[in-house]
Structures are given as structure tokens and as C-alpha cells.
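Residue numbers (this note's numbering), protein chains in the order written: chain A, 109 to 558; chain B, 109 to 558.
The beta carbon of each residue, even a glycine, is placed where N, CA and C say it ideally should be.
There are 2 protein chains.
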Amino acid sequence: MAERLVVIGGDAGGMAAATQARRLRADLDIVALERGTRTSYSACGIPFLVGGEVNRVDDLVARTPQQLREQHRIDVRLRHEAMAIDVERGEVEVRDHDHGRTFRLGYDQLMLGLGAVPRRPPLDGIDLPHVHGVQTLDDGAALLEAAERSQTGDVAVIGGGYIGLEIAEAFVRRGCKVTVIEGSPQVMRTLDEDMGEMVSAAMRRHGVDVRCGSKVEKITETHVITDAGDEIAADLVVLGLGVVPNVDLARDAGVDIGPSGAIAVDRRQHTSAEGVWAAGDCSESHHLVSDRKVHIALGTHANKQARVAGTNIGGGYATFPGVVGTAATKICSTEVARTGLNEEEARDAGFDFHVARIESTTRAGYYPGARPITVKLLAERRSGRVLGGQIVGEEGAAKRIDVIATALHARMDVEQMTALDLSYAPPFAPTWDPVLVAARQAAGLVSKGS
Amino acid sequence: MAERLVVIGGDAGGMAAATQARRLRADLDIVALERGTRTSYSACGIPFLVGGEVNRVDDLVARTPQQLREQHRIDVRLRHEAMAIDVERGEVEVRDHDHGRTFRLGYDQLMLGLGAVPRRPPLDGIDLPHVHGVQTLDDGAALLEAAERSQTGDVAVIGGGYIGLEIAEAFVRRGCKVTVIEGSPQVMRTLDEDMGEMVSAAMRRHGVDVRCGSKVEKITETHVITDAGDEIAADLVVLGLGVVPNVDLARDAGVDIGPSGAIAVDRRQHTSAEGVWAAGDCSESHHLVSDRKVHIALGTHANKQARVAGTNIGGGYATFPGVVGTAATKICSTEVARTGLNEEEARDAGFDFHVARIESTTRAGYYPGARPITVKLLAERRSGRVLGGQIVGEEGAAKRIDVIATALHARMDVEQMTALDLSYAPPFAPTWDPVLVAARQAAGLVSKGS
Numbered sequence: 109m110a111e112r113l114v115v116i117g118g119d120a121g122g123m124a125a126a127t128q129a130r131r132l133r134a135d136l137d138i139v140a141l142e143r144g145t146r147t148s149y150s151a152c153g154i155p156f157l158v159g160g161e162v163n164r165v166d167d168l169v170a171r172t173p174q175q176l177r178e179q180h181r182i183d184v185r186l187r188h189e190a191m192a193i194d195v196e197r198g199e200v201e202v203r204d205h206d207h208g209r210t211f212r213l214g215y216d217q218l219m220l221g222l223g224a225v226p227r228r229p230p231l232d233g234i235d236l237p238h239v240h241g242v243q244t245l246d247d248g249a250a251l252l253e254a255a256e257r258s259q260t261g262d263v264a265v266i267g268g269g270y271i272g273l274e275i276a277e278a279f280v281r282r283g284c285k286v287t288v289i290e291g292s293p294q295v296m297r298t299l300d301e302d303m304g305e306m307v308s309a310a311m312r313r314h315g316v317d318v319r320c321g322s323k324v325e326k327i328t329e330t331h332v333i334t335d336a337g338d339e340i341a342a343d344l345v346v347l348g349l350g351v352v353p354n355v356d357l358a359r360d361a362g363v364d365i366g367p368s369g370a371i372a373v374d375r376r377q378h379t380s381a382e383g384v385w386a387a388g389d390c391s392e393s394h395h396l397v398s399d400r401k402v403h404i405a406l407g408t409h410a411n412k413q414a415r416v417a418g419t420n421i422g423g424g425y426a427t428f429p430g431v432v433g434t435a436a437t438k439i440c441s442t443e444v445a446r447t448g449l450n451e452e453e454a455r456d457a458g459f460d461f462h463v464a465r466i467e468s469t470t471r472a473g474y475y476p477g478a479r480p481i482t483v484k485l486l487a488e489r490r491s492g493r494v495l496g497g498q499i500v501g502e503e504g505a506a507k508r509i510d511v512i513a514t515a516l517h518a519r520m521d522v523e524q525m526t527a528l529d530l531s532y533a534p535p536f537a538p539t540w541d542p543v544l545v546a547a548r549q550a551a552g553l554v555s556k557g558s
Numbered sequence: 109m110a111e112r113l114v115v116i117g118g119d120a121g122g123m124a125a126a127t128q129a130r131r132l133r134a135d136l137d138i139v140a141l142e143r144g145t146r147t148s149y150s151a152c153g154i155p156f157l158v159g160g161e162v163n164r165v166d167d168l169v170a171r172t173p174q175q176l177r178e179q180h181r182i183d184v185r186l187r188h189e190a191m192a193i194d195v196e197r198g199e200v201e202v203r204d205h206d207h208g209r210t211f212r213l214g215y216d217q218l219m220l221g222l223g224a225v226p227r228r229p230p231l232d233g234i235d236l237p238h239v240h241g242v243q244t245l246d247d248g249a250a251l252l253e254a255a256e257r258s259q260t261g262d263v264a265v266i267g268g269g270y271i272g273l274e275i276a277e278a279f280v281r282r283g284c285k286v287t288v289i290e291g292s293p294q295v296m297r298t299l300d301e302d303m304g305e306m307v308s309a310a311m312r313r314h315g316v317d318v319r320c321g322s323k324v325e326k327i328t329e330t331h332v333i334t335d336a337g338d339e340i341a342a343d344l345v346v347l348g349l350g351v352v353p354n355v356d357l358a359r360d361a362g363v364d365i366g367p368s369g370a371i372a373v374d375r376r377q378h379t380s381a382e383g384v385w386a387a388g389d390c391s392e393s394h395h396l397v398s399d400r401k402v403h404i405a406l407g408t409h410a411n412k413q414a415r416v417a418g419t420n421i422g423g424g425y426a427t428f429p430g431v432v433g434t435a436a437t438k439i440c441s442t443e444v445a446r447t448g449l450n451e452e453e454a455r456d457a458g459f460d461f462h463v464a465r466i467e468s469t470t471r472a473g474y475y476p477g478a479r480p481i482t483v484k485l486l487a488e489r490r491s492g493r494v495l496g497g498q499i500v501g502e503e504g505a506a507k508r509i510d511v512i513a514t515a516l517h518a519r520m521d522v523e524q525m526t527a528l529d530l531s532y533a534p535p536f537a538p539t540w541d542p543v544l545v546a547a548r549q550a551a552g553l554v555s556k557g558s
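Structural data, given as C-alpha cells:
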């Protein structure tokens with residue numbers, strides 16, 4: 109009998125692994141279980157669906173079940189939920205929701221692409237029908253439907269992280285009055301406060317009512333009520349409080365959960381259980397700067413990890429060395445990006461460091477369309493090792509973070525960074541690219557410091 | 109008496125060194141000799157001046173003589189030309205053109221920012237008044253004046269490199285009929301032919317008559333005549349044949365000229381002569397991939413090298429490790445970038461290598477404004493070391509070259525590159541950034557190869 113790979117989860121983590129395993133092994137019997145009705149989609153695209161930049165829910169689907177079946181010979185079973193895993197016997201207990209039956213499915217290899225679930229604090233009113241999550245494409249479709257159904261109204265977004273702010277922009281585009289409620293002193297908590305403040309200011313310029321430092325106490329059918337006593341009118345509420353890895357199934361099966369709360373994997377994406385692999389939002393990653401385990405739910409990691417898992421499942425050899433915490437977003441005309449450790453994370457990881465922060469332009473100052481950009485760099489005291497970077501600016505700002513991310517992978521110091529041969533032409537950069545100006549300032553601080 | 113720094117050349121190489129030396133040493137007596145009338149300008153901006161993106165010649169001046177005098181206490185002497193250097197006695201022979209006098213000026217330290225001079229092949233007609241160079245800002249001002257004076261006419265650009273193509277676009281913007289004549293099989297010779305072909309095609313789409321593989325034989329008052337027998341109507345001719353380092357003064361003084369034909373410098377930008385430094389377009393650089401000396405005339409290198417020279421002159425310590433050959437340009441909507449070695453250069457440097465080439469989009473495929481991008485990567489056989497990259501695409505394509513440039517500095521291999529944590533969000537990239545897709549293909553070739 110052919111060796112069987114069972115995949116739990118039809119999104120990136122599972123399907124990218126399955127298709128990669130297929131590439132390497134034509135003979136593998138691959139069964140994929142998806143409890144929902146869609147496969148391989150871009151959840152990151154949901155805000156743009158709501159905002160109207162993307163027209164149809166289906167545009168966000170990278171591979172349909174039919175494509176997976178026909179092009180990759182993956183036996184995709186929709187509305188099939190894995191209820192339990194028996195790692196001793198190599199079996200999954202499966203619930204077929206459409207036919208109301210439960211059966212056991214044997215595996216030789218098991219791929220966990222379980223994803224993550226949105227944080228839902230136990231608030232009064234959180235289960236009201238006008239309160240929406242934005243985790244799955246089904247969530248996105250429901251939110252779009254609600255947005256289209258309701259007249260232009262009042263929208264409250266709880267949480268000022270990436271998704272929260274993107275959703276806020278989307279509703280501004282729809283002509284809604286939007287309030288973002290964030291518990292921290294500034295939005296975008298993965299940035300330092302000084303950089304987050306620039307994002308809060310940008311959101312306000314774009315017409316969003318940003319309320320930082322206040323927590324939601326209660327949701328009613330018409331309002332969101334905060335601990336500051338604010339009563340914010342809202343006929344639609346969106347939860348953008350981030351996600352937690354979906355690990356119950358794995359934990360119950362005895363698969364090790366790591367210090368980050370996500371499934372522990374080795375560098376080949378193998379879990380603690382024989383023949384069981386994991387990738388994507390359910391698994392943890394090694395952070396190459398802090399040298400700690402972290403849980404970062406992001407489609408690009410899911411795809412990379414899944415490809416590594418699929419290669420190994422297929423009999424090849426591949427490793428996922430880890431992440432440096434890069435993230436970017438665009439909110440109206442403001443671009444935001446970060447990588448590595450921010451100040452709090454760096455302190456927490458035991459680093460002492462210098463902070464450089466510079467302002468420049470995205471193109472030569474005299475070239476049309478030169479936009480402001482602020483770059484912040486953290487450099488370890490004495491060694492000068494770059495620890496992290498943050499960028500807030502306008503068009504052309506964010507993607508520059510990739511230079512800092514690559515420097516983090518290479519463990520460069522800021523002195524080395526000052527010599528980087530980055531591209532220069534007036535439409536793309538000043539003679540000193542803003543990243544180099546920041547590196548120069550950081551190198552100066554390191555050399556003066558002791 | 110105060111120690112005296114004499115600087116020859118009032119553009120980037122000289123002035124960035126002078127201002128940096130001033131920062132470190134308030135007591136230094138700094139005299140700068142400039143044979144023209146302008147200082148510290150962006151020659152790279154000339155095409156945009158001609159094209160109308162930049163309004164005034166003065167917009168391209170970063171620091172005027174007055175600013176240099178008042179803010180940096182540099183004794184800038186315009187229309188003063190260095191005629192000879194006596195390295196034994198530490199003196200420069202100076203010609204003051206305005207007063208018709210010659211004098212000797214002693215130095216303790218001498219900074220050479222001599223720049224480069226445009227290639228002017230000994231063609232019949234090359235000295236006709238309608239034949240223009242684009243090297244200095246005075247050239248740029250003259251070209252702009254000629255462009256404004258003549259009615260919309262026929263323009264011939266000799267040379268299809270960066271400047272040639274940028275000038276061609278500029279005249280297309282002015283409504284002229286533009287022909288580019290390039291001796292190589294494709295424009296943009298620093299790219300491989302397959303990538304250059306994409307640029308030629310883009311130029312043609314933008315209405316430029318591109319004639320590759322033919323050489324100019326003669327220029328008349330009305331035409332440019334090629335060895336293919338073409339007679340190209342031209343009431344304005346622009347030379348875009350690149351530059352050669354301006355080294356006569358240094359060579360005559362006995363300063364070593366390197367294998368690239370430019371002034372040889374050590375890692376601190378010091379020349380072979382005691383107390384004599386050089387930076388910018390007159391000096392050579394170490395290429396960090398080929399490990400050879402190269403001459404690359406580019407404003408960003410000039411500024412970096414000059415800053416290093418100025419730091420050392422000022423008593424500090426700084427080094428310029430070298431370049432990786434990064435360059436970028438934008439022609440109409442087409443963005444072009446390259447870094448490291450192209451195929452010919454890699455072969456010439458003794459490398460055997462694999463070639464990956466992929467097509468992708470600049471943003472998530474479903475996101476508005478996703479534009480095509482082609483990425484080519486060269487990876488050393490067996491080691492997988494990345495040797496170079498080339499990008500041709502539309503908006504958002506070119507700056508991605510910086511990731512490859514940074515990877516070259518770090519001597520990464522393409523397998524390592526596949527794991528780079530580059531920023532992902534639908535407005536900025538697909539889940540697999542095009543650079544990662546190219547790295548993935550290259551890594552596959554390396555692992556399959558032997």
C-alpha cells in the first residue's frame with residue numbers, strides 16, 4: 109500500500125506542505141482534511157476585500173480544492189474536521205460534518221497546518237452578531253456581507269495592530285466613521301512608542317478616531333463602552349486583537365507545545381511526535397536575534413515553513429533557520445515596517461543598545477514624489493550588532509526594511525551596514541539611502557559609547 | 109601654523125571629504141580648488157532637469173560655495189584649477205583663471221576629488237556645437253538651454269547605458285523624436301543580454317528608436333551616420349558613452365594608478381603618496397565579489413568614500429571595504445537594477461555558476477497595482493554563493509536589488525537567501541517575495557548540479 113500523508117488544515121501551512129511533498133514524491137497518497145469550505149487563501153487580503161481594492165472573495169484563493177485535487181492529486185475533504193490524533197497508532201479521528209459520521213484515518217506521516225484562532229476576550233457582548241473576527245476567509249466573506257448590508261455607519265475596531273488598522277482604513281474607504289480602540293499607549297505595539305505615535309497621528313489625519321490607552325469593557329448592540337467611560341457608537345464591531353496558535357488538538361495528542369505556546373518543531377519542522385510535522389500559524393519559530401522561540405502568525409512564514417516540511421516529508425532535506433520578526437503594512441498613504449527587536453524586546457532579551465533615529469526622503473530631495481521617511485535602528489552596545497529596525501513613512505518607505513532584515517540574518521554590525529552598496533538613482537533614493545543614514549548615526553553612537 | 113588640507117575638486121568626492129574632516133577637526137585650514145563655478149551637485153540629476161521633473165539647475169546643488177564657506181569654513185576657490193602636484197614638497201600649482209595668475213599652494217594633506225571625464229571617441233564631427241556631454245552641471249545647464257532653444261526636434265543619443273537611456277527618456281518627455289545608438293547587441297551593457305533585451309523592448313514601447321549593434325561613424329550638422337549605413341536625423345546629439353577617471357594630474361605627480369585605470373587607494377582611501385587621499389569618480393574600488401579593482405563612477409560611492417577619507421584626514425579611523433556593483437535606474441515606467449557580477453563578469457572572474465530567472469509581481473497578484481517583475485540570480489556552482497542579481501520590472505521592482513546587494517556583502521548562499529525574512533503584506537509583495545522565488549530556483553539548481 110502507498111505511504112499516506114494526512115494533512116490537517118487546508119490553508120497555507122497544510123497545503124504548501126502537501127504540494128511540495130507531492131513534487132518530490134509522485135507515489136504518496138495525500139489526504140487533506142479541512143473543516144471549512146475553502147483552501148489556500150490569503151487571510152491577509154481580507155482588509156482589502158472589505159476596502160474594495162479586491163473585488164471578489166475568490167480572488168484571495170490561491171488554490172481551490174479542485175485545483176489541489178486535479179493538479180496535485182491531493183484528496184481534499186472539505187467540512188472534515190480532525191477531532192483527535194492517536195500518535196501511537198498513527199490515526200486521526202475525523203468528523204465528516206456533511207454526512208454526520210466519524211471515522212478513523214491512518215497515516216504514515218501527519219502534517220499539522222492547524223492555524224491560529226482570534227483572541228476573543230470574555231467581554232460582555234462579544235458574541236453579538238454584529239461583532240466580527242477577520243481570521244478566516246469565511247470571516248472575511250461575512251464581514252464584507254455585513255459591510256455591504258448596513259448603510260454607511262459607525263464602525264468600532266478593537267485592537268490597533270496590523271489587521272486592526274488595515275480594517276479601519278478599509279471602512280474609512282467605505283465612507284464609515286471609524287474608531288480604533290487600543291489598550292496600549294500607541295497603536296502598532298510591535299513598534300516602539302515613538303514610532304507608533306507617528307502611526308496614530310497618520311491614522312487621525314486619515315479621519316480615524318484613535319483611542320489609545322483604553323480598554324473595552326462591554327459591547328452593546330449600539331455601542332462599545334471603554335474603561336475610560338467612553339461610549340462609542342458602533343453598528344459594526346471588528347475584533348483585531350491578534351491570534352493565538354490553534355494547538356488543542358496537538359496538545360491533547362501529546363505533541364509538545366513550546367515556550368511560545370505554539371507547537372514546538374525542530375529545524376526541519378518536525379514535532380516531538382514521530383512522523384508528525386507542523387508549519388504555519390500553529391507552530392513556533394526560532395527568533396534569530398533574541399535566540400528565543402516566538403509565535404508569529406504570518407502567511408509568508410507559513411509558506412516557507414510548509415515548504416520545508418513538505419520537502420522533508422517528501423524525502424528531501426530542508427531546514428527553516430528562523431525569523432527576524434519582519435512585518436510591514438500600508439495604511440492609507442502611510443507605510444509602516446519593522447524587523448528584529450524593538451526596544452522593549454531587546455531589553456527583555458538582555459541586550460544593551462544604542463538607538464539611532466533619522467529623517468530623510470524616499471527619493472533624492474529634488475526628485476518629484478520624494479516622500480518623508482523615518483528610520484530607527486537599534487545597535488548593540490560595544491559590538492554594534494544591529495538588533496532591529498523600524499520605518500514609518502510614505503510611498504517607497506516600507507520595503508527598505510528588507511535591507512535591515514537581511515543584515516539581521518547576516519548578523520551585521522551597523523558599521524558594516526554603513527558601507528552597504530545599496531542602489532542609488534534619484535527616483536529611488538538620496539545619495540545616502542535613509543537606511544545608511546540611520547546606520548551611520550548608529551555607528552557613531554556605538555563608537556562614542558563604551 | 110594650522111595644518112592645511114587642500115582639496116582638488118568641488119564636487120562630491122572633494123567636498124564630502126572636506127566637510128567630514130571639518131566635523132572632526134575644527135582647527136584645520138581647508139582650501140578647496142574648483143576649476144568650474146559650482147560645488148557639490150548631483151550630476152545624476154541632469155536627465156531629470158532636461159526631462160522637466162526638476163525645475164532649476166540650482167535644485168541639483170547640494171551645497172553652494174557660500175554654504176561651504178559659511179557653514180563649514182572651507183575656503184572655496186572657484187575657477188581655480190590645479191595644474192600640477194609636487195608630492196615631494198607638498199605643493200599644488202594652481203591656476204586662477206579669473207585673474208590669469210598661477211601660484212603654488214602648500215598642503216599637509218591633499219584630497220583628490222578629480223572626478224571623471226566623459227568618453228569622447230575621436231569621431232568626425234564630435235566637436236560640433238550641437239554635440240553635448242552630460243558630465244558636469246555646466247554640461248547639464250548647456251544641454252537644457254539647447255533643448256529649450258531648439259524647436260521640438262530630432263535627438264540622437266550615442267550610448268545606451270544608464271545616462272544615455274535616462275537622457276533619451278528626458279527628450280521623449282519633451283516631445284522629441286529620439287534615437288539611441290548602442291554598439292552592443294542590447295542596451296544597458298551592465299546587464300546580461302536577455303535582461304538588456306527587456307529594457308530595449310521597453311524603450312521601444314515608450315517610443316524610442318533603439319538601434320543596437322551599430323556604431324557611430326560620423327556626426328554631421330544634421331545627421332548621425334552609423335557603420336550600418338543608417339543616417340539618423342539629429343539636431344541635437346548627446347554623448348552617453350560613460351566616463352573615464354580623471355587621473356592625469358595624479359599620474360603626472362607620480363601617484364599610483366591602479367589596474368582599473370583609476371587612482372589606487374587603500375582601504376582608508378589613501379593613495380600611494382604620503383598625505384594624499386582620493387575618493388569618488390577618480391579613484392578605484394575593491395569589488396567584493398570578483399575581488400578585483402574596478403572603476404565605478406557613482407555619486408553614492410563618491411560620498412561614502414569621501415566620508416571615509418575625511419574621517420581619516422580628520423584623525424579618525426574609517427575604511428571603505430568596497431562595492432558590489434549595485435546600480436539602478438528608471439526609464440519611463442520601467443525600472444532596472446543590477447548588483448554583483450553579470451554572466452560575463454562572473455565567467456571572467458573565474459566562477460562557474462547556475463542561472464535562475466523568474467517572473468513574478470511586485471505586490472500580491474490580487475492587489476491593485478501589482479506589476480510584473482523579472483529577477484535573475486547567479487549562484488556559484490557547488491557553494492551556492494550568490495554572485496549577482498538583475499531586475500527588470502515596473503513600479504516597485506528596482507529597490508528589491510538592495511536585498512541581493514546586502515546578501516552579496518554578507519557572502520550568503522542562495523539556500524540561505526530562501527529563508528530571508530523579507531517583509532510581506534499584499535501592497536508590498538506576494539507571500540513569496542520575487543527575490544525569494546529567484547533564490548529558491550537558484551538553490552534548486554545548485555542542489556541538483558554537481
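Just how far apart, CA to CA, sit residue i and residue j?
{"i": "Thr330 (chain A)", "j": "Val158 (chain A)", "result": "21 Å"}
{"i": "Gly369 (chain A)", "j": "Gln377 (chain A)", "result": "16 Å"}
{"i": "Val307 (chain B)", "j": "Asp389 (chain A)", "result": "41 Å"}
{"i": "Ser555 (chain A)", "j": "Leu136 (chain B)", "result": "23 Å"}
{"i": "Ser531 (chain B)", "j": "Ala478 (chain A)", "result": "22 Å"}
{"i": "Val165 (chain B)", "j": "Ser150 (chain B)", "result": "10 Å"}
{"i": "His394 (chain B)", "j": "Arg228 (chain B)", "result": "26 Å"}
{"i": "Val545 (chain A)", "j": "Leu528 (chain A)", "result": "11 Å"}
Name the chain A residues whose beta carbon is nearer than 7 Å to that of residue i?
{"i": "Val511 (chain B)", "result": "Asp510, Val511, Thr514"}
{"i": "Pro480 (chain B)", "result": "Within 7 Å Cβ-Cβ: nothing; Pro480 (chain B) doesn't reach chain A, min ~17 Å."}
{"i": "Thr172 (chain B)", "result": "The contacting residues do not exist; Thr172 (chain B) stays about 14 Å from chain A at best."}
{"i": "Pro574 (chain B)", "result": "Because chain B is modelled from 109 through 558, residue 574 (chain B) falls outside the range shown and cannot be assessed."}
Once the 5 residues before and after residue i are set aside, which same chain residues still bring their CB inside 7 Å of it?
{"i": "Val280 (chain A)", "result": "Val286, His314, Gly315, Val316"}
{"i": "Thr328 (chain B)", "result": "Gly233"}
{"i": "Pro542 (chain A)", "result": "Ile466, Ser468, Ile481, Val483, Arg508"}
{"i": "Phe428 (chain B)", "result": "Arg375, Gln377, Lys412, Gln413, Val416"}
Closer than 7 Å by beta-carbon distance: list the chain B residues that pair up with residue i, in chain order.
{"i": "Thr437 (chain A)", "result": "Ala533"}
{"i": "Asn640 (chain A)", "result": "What the structure shows of chain A is the stretch from 109 to 558, and residue 640 (chain A) is not part of that stretch, so it cannot be assessed."}
{"i": "Gly407 (chain A)", "result": "Tyr532, Thr539"}
{"i": "Ala472 (chain A)", "result": "Ser150, Gly153"}
Please go through the same chain and pick out, in chain order, the residues whose beta-carbon is closer than 8 Å to the beta-carbon of residue i, but skip the five residues on each side of it.
{"i": "Ala326 (chain A)", "result": "Residue identity check: residue 326 (chain A) is Lys in the sequence provided, not Ala. Result list for Lys326 (chain A): Leu231, Asp232, Gly233, Val332, Ile333, in chain order."}
{"i": "Gly198 (chain A)", "result": "Gly214, Tyr215, Asp216, Leu218, Gly383"}
In chain B, which residues lie with their C-beta within 9 Å of the C-beta of residue i?
{"i": "Ala445 (chain A)", "result": "Ser531, Ala533, Phe536"}
{"i": "Phe428 (chain A)", "result": "Ala527"}
Taking Cβ-Cβ distances shorter than 8 Å, what residues in chain B pair up with residue i?
{"i": "His517 (chain A)", "result": "Ala518, Met520, Gln524, Ala527, Leu528, Asp529"}
{"i": "Val431 (chain A)", "result": "Asp529"}
Give me, in chain order, the residues of the same chain whose beta-carbon lies closer than 6 Å to that of residue i; leave out the 5 immediate sequence neighbours on both sides.
{"i": "Ala170 (chain B)", "result": "Ser148"}
{"i": "Gly422 (chain B)", "result": "Ala129, Leu132, Arg133"}
{"i": "Asn354 (chain A)", "result": "Leu222, Gly223, Ala224, Val225, Cys390"}
I want to verify the contact list: residues of chain A whose CB lies under 9 Å from the CB of residue i, in sequence order.
{"i": "Ala506 (chain B)", "result": "Ser531, Ala533, Pro535, Phe536"}
Following a CB-centred definition, is residue i positioned closer than 8 Å to any heavy atom of the ligand ATP?
{"i": "Glu329 (chain A)", "result": "This structure does not include the ligand ATP; it has no bound ligands of any sort."}
Just to confirm the assignment: which complete alpha helix (DSSP H) runs, minimum length 4, are found wholly within the stretch 264 to 350 of chain A? 270 to 281, 301 to 313
Compile a chain-ordered list of the residues in the stretch 145 to 168 of chain A whose CB is closer than 8 Å to at least one CB of chain B. Ser150, Cys152, Gly153, Phe156, Glu161, Val162, Asp167, Leu168
Only counting runs of 3 or more residues, tell me where the beta strand (DSSP E) segments fall wholly within the stretch 372 to 425 of chain B, in order along the chain. 384 to 386
Which whole runs of the beta strand (DSSP E) in the stretch 460 to 538 of chain B are 3 residues long or more, in chain order? 461 to 469, 480 to 488, 494 to 501
What residues from the stretch 300 to 316 of chain B come within 8 Å of chain A, judged by C-beta to C-beta, listed N to C? none
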